[in-house]
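Have a look at the structure below, then the notes.
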Amino acid sequence: MTSDEIAAGKYALPAGSNLGKRLTYAAAKHWLAICCGVIGSYVGLAVSPAVLLKLGFVRSAALIYRLYWPVCHQFAYRSWFLFGAHFNYAADEFKLLTGIDPYTAAGRLASKSFVGDAVLGYKLALCERDIAIYGGMLLASLAYAAWRSTGREVVPLHWIGYGLLGVAPIAFDGVSQLLSQPPFDLFGLALRESTPVLRSLTGALFGIASIWMAYPHLDVWMQVVREELEELTGA
Numbered sequence: 275m276t277s278d279e280i281a282a283g284k285y286a287l288p289a290g291s292n293l294g295k296r297l298t299y300a301a302a303k304h305w306l307a308i309c310c311g312v313i314g315s316y317v318g319l320a321v322s323p324a325v326l327l328k329l330g331f332v333r334s335a336a337l338i339y340r341l342y343w344p345v346c347h348q349f350a351y352r353s354w355f356l357f358g359a360h361f362n363y364a365a366d367e368f369k370l371l372t373g374i375d376p377y378t379a380a381g382r383l384a385s386k387s388f389v390g391d392a393v394l395g396y397k398l399a400l401c402e403r404d405i406a407i408y409g410g411m412l413l414a415s416l417a418y419a420a421w422r423s424t425g426r427e428v429v430p431l432h433w434i435g436y437g438l439l440g441v442a443p444i445a446f447d448g449v450s451q452l453l454s455q456p457p458f459d460l461f462g463l464a465l466r467e468s469t470p471v472l473r474s475l476t477g478a479l480f481g482i483a484s485i486w487m488a489y490p491h492l493d494v495w496m497q498v499v500r501e502e503l504e505e506l507t508g509a
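Okay, so the sequence shown: first residue is 275 according to this note's numbering, each after it adds one.
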């Protein structure tokens, strides 16, 4: 087997190989497509409840909201909406339109359960920041695939760059908001509510930086896995 054959993707483990090894080899060979598919499905599924509610599939939408419940706060005043008057509703506007006070414990729980209506539209299953994080990861994954297809190497983002570009902005925006609001408003900080633009920008930066740092290392590791499996089979 030549290096050109490996690069062209012509190699496959022999038919008699252990099934686990064959599956591992396939995963190591197509890891990037798998990652793009998983992230894309995660984002797409988060958008789908709004579409399902618009079409009248209430139970299906409720099930998907419930699936994302453990991984996101789903506060309506920090989420995107589709098919309504606006794409988002700030805390004060949300309180005015719904009567739900986002700065009380009961109000936060109610805003988590609020999925929207025919006038306001229907919210996505992930908040603005989370949609931006995973959307950024998806775009970065596709960009990595496009760059990789040219045969050029992608230099991984250094951990210092990751901290400055990916972690610091989202940490500052999120933590400063968190500590200024109940029940953490014990530090004399003025009440601060971030904006959809800041949540989306910091989320996207975090998602893109995460992919930029991780994928080049993962690419090398998967190449090692493929080579080791090829050696085990005597190729």
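The beta-carbon is built from N, C-alpha and C at its ideal position, and this holds for glycine as well.
Mind the definition here: the stretch 367–382 touches the stretch 407–414 only if three or more C-beta pairs lie below 8 Å; say whether that holds.
-> no
Beta-ladder partner(s) of S353, from DSSP | Looking up residue 353 in the sequence shown gives position 79. In the DSSP output, where bridge partners are listed per residue, S353 has C401.
Please report the Cβ distance between S322 and I338, rounded to the nearest whole angstrom; I am assuming they are in contact, meaning their Cβ atoms lie under 8 Å.
-> Taking the sequence shown and counting its residues from 1, one reaches residue 322 at position 48. Taking the sequence shown and counting its residues from 1, one reaches residue 338 at position 64. Right, the Cβ-Cβ distance comes to about 6 Å (below 8 Å), so this counts as a contact.
Select from C310, W433, C401 the residue whose C-alpha is nearest the C-alpha of S468.
-> Counting from one through the sequence shown, the residue named residue 468 turns up at place 194. Nearest option by C-alpha distance: C401.
Look at the alpha carbon of L465 and the alpha carbon of Y377, and state the distance between them as a whole number of angstroms.
-> Working through the sequence shown from its first residue, we reach residue 465 at position 191. Working through the sequence shown from its first residue, we reach residue 377 at position 103. Taking the straight line from one Cα to the other gives about 10 Å.
Start and end residues, alpha helix (DSSP H) containing H491 = The residue given as residue 491 occupies position 217 in the sequence shown. Per DSSP, H491 belongs to the alpha helix (DSSP H) from 470–506.
Go ahead and pull the three-state DSSP assignment for Y377.
-> Within the sequence shown, residue 377 is the residue found at index 103, counting from 1. Coil at Y377, not helix or strand.
Chain-order list of residues whose beta-carbon lies under 8 Å from that of I313 (same chain, five-residue window excluded) | Here residue 313 refers to the residue found at position 39 of the sequence shown. Within the same chain, I313 has close Cβ partners Y408, M411, L412, S415.
Let me know if V389 comes out buried or exposed under the rule of 16 or more other beta-carbons within 10 Å of its beta-carbon.
-> On the sequence shown, position 115 is the one that residue 389 refers to. So V389 counts as buried.
Hey, is the stretch 426–443 in contact with the stretch 344–355, meaning 3+ C-beta pairs nearer than 8 Å?
-> Here the stretch 426–443 makes no contact with the stretch 344–355; the two share fewer than three CB pairs at distances below 8 Å.
Taking DSSP as the reference, what is the three-state secondary structure of Y396?
-> Here the question's residue 396 lines up with position 122 in the sequence shown. Strand, per DSSP.
For E279, the three-state DSSP class (helix, strand or coil) = The count along the sequence shown starts at 1 and reaches residue 279 at position 5. For E279, the predicted model reports a pLDDT of 45, less than 50, meaning its position is unreliable and no value from the coordinates is stated.
Please determine, among L506, L463, I444, R422, the residue with the shortest C-alpha to C-alpha distance to P517.
-> The displayed coordinates of the chain run from 275 to 509. Any statement about residue 517 would go beyond what the structure contains.
Could you check the C-alpha separation between G381 and L398 for me, to the nearest Å?
-> Taking the sequence shown and counting its residues from 1, the one referred to as residue 381 is at position 107. Taking the sequence shown and counting its residues from 1, the one referred to as residue 398 is at position 124. Distance between the alpha carbons of G381 and L398 is about 19 Å.
Opening and closing residue of the alpha helix (DSSP H) in which L431 lies = In the sequence shown, residue 431 corresponds to position 157, counting from 1. Looking at the DSSP string, L431 is not in any alpha helix (DSSP H), and its letter there is neither H nor E.
Starting from L453, follow the alpha helix (DSSP H) in both directions and report where the run begins and ends.
-> Position 179 of the sequence shown, counted from the start, is the residue given in the question as residue 453. Its alpha helix (DSSP H) spans residues 442–453.
When burial is assigned at 16 or more other CB atoms within 10 Å of the CB, is F446 buried or exposed?
-> The count along the sequence shown starts at 1 and reaches residue 446 at position 172. Counting Cβ neighbours within 10 Å, F446 comes out exposed, since fewer than 16 surround it.
A309: first and last residue of the uninterrupted alpha helix (DSSP H) it sits in = Taking the first residue of the sequence shown as position 1, residue 309 is located at position 35. As written in the sequence, residue 309 is Cys, which differs from the Ala given in the question. Taken as a continuous stretch (DSSP letters only), the alpha helix (DSSP H) holding C309 covers 305–329.
How big is the Cα-Cα spacing for A324 and T298?
-> Working through the sequence shown from its first residue, we reach residue 324 at position 50. Working through the sequence shown from its first residue, we reach residue 298 at position 24. When rounded, the distance between both Cα atoms is 37 Å.
Length of the line joining the Cα atoms of D391 and W486 = Against the sequence shown, residue 391 aligns to sequence position 117. Against the sequence shown, residue 486 aligns to sequence position 212. Each residue's Cα considered, the two are about 39 Å apart.
For G390, which of helix, strand or coil comes out of DSSP?
-> Taking the first residue of the sequence shown as 1, we reach residue 390 at position 116. Note: G390 maps to strand in three-state DSSP.
For the candidate residues S450, D375, S454, whose alpha-carbon lies nearest to that of S385?
-> Along the sequence shown, one-based indexing puts residue 385 at 111. Out of S450, D375, S454, D375 has the C-alpha closest to the C-alpha of S385.
How should I482 be labelled, buried or exposed, when 16 other C-beta atoms within 10 angstroms of its C-beta is the threshold for buried?
-> Counting from 1 along the sequence shown, the entry for residue 482 is found at position 208. Buried, by the Cβ-count rule.
Relative to the alpha-carbon of V452, which residue among R352, V332, L329, C309 has its alpha-carbon at the smallest distance?
-> Taking the first residue of the sequence shown as 1, we reach residue 452 at position 178. According to the sequence provided, residue 452 is Leu. The question's Val does not apply to it. Of R352, V332, L329, C309, the residue nearest in Cα terms is R352.
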